[in-house]
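Participant:
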Amino acid sequence: MPSGPVPPVDPLLLSHKGSLFMTCPKLTHYTATPAALKEMAEALFEVVRLGAVRLVINQAYPLAAATQVHGMLESRQTSGLTVLIP
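The sequence shown begins at 4 in my numbering and counts up by one.
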């Protein structure tokens, strides 16, 4: 998990707060095959290309800084979308 381990949660606390639940979705749960995943990705990229979805890039770094950026991600020093530029 990119955000690290999740601390223990009391299931009764979730119940008392309105039938809340916790989940850890995985992309593979929503795609049957690699071809379906590719098709979904292409559809998403097209929506972004057309401007129907606007991406907000919080920070961008040159690819040469990849080691440093990975360290920042691991130590939770970033937020939002972080991009490496080739």
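Ideal placement from N, C-alpha and C gives every residue a C-beta, glycine not left out.
(1) Counting Cβ pairs, one atom from each stretch, are 3 or more of them under 8 Å apart for the stretch 59–66 and the stretch 37–49?
(2) Within 10 angstroms of the Cβ of valine 72, are there 16 or more other Cβ atoms? Answer buried if so, exposed if not.
(3) Looking at valine 59 and leucine 84, is the spacing between their C-beta atoms short of 8 Å?
(4) Could you give the residue range of the beta strand (DSSP E) that holds alanine 68?
(5) Who are the near neighbours of alanine 68 in its chain, counting only those whose CB is closer than 7 Å to its CB and skipping five residues on each side?
(6) Please say whether leucine 30 and leucine 40 have beta carbons closer to each other than 8 Å?
Facilitator: A quick look at the data gives this:
(1) no
(2) One-based indexing of the sequence shown puts residue 72 at position 69. Buried is the call here.
(3) By one-based count along the sequence shown, residue 84 stands at place 81. By one-based count along the sequence shown, residue 59 stands at place 56. Yes, Cβ-Cβ distance for leucine 84 and valine 59 is below 8 Å.
(4) Working through the sequence shown from its first residue, we reach residue 68 at position 65. Unbroken run through alanine 68: none, as it is neither H nor E.
(5) Counting from one through the sequence shown, the residue named residue 68 turns up at place 65. Taken in chain order, the list of residues that qualify is empty.
(6) Position 37 of the sequence shown, counted from the start, is the residue given in the question as residue 40. Position 27 of the sequence shown, counted from the start, is the residue given in the question as residue 30. Closer than 8 Å, so yes.
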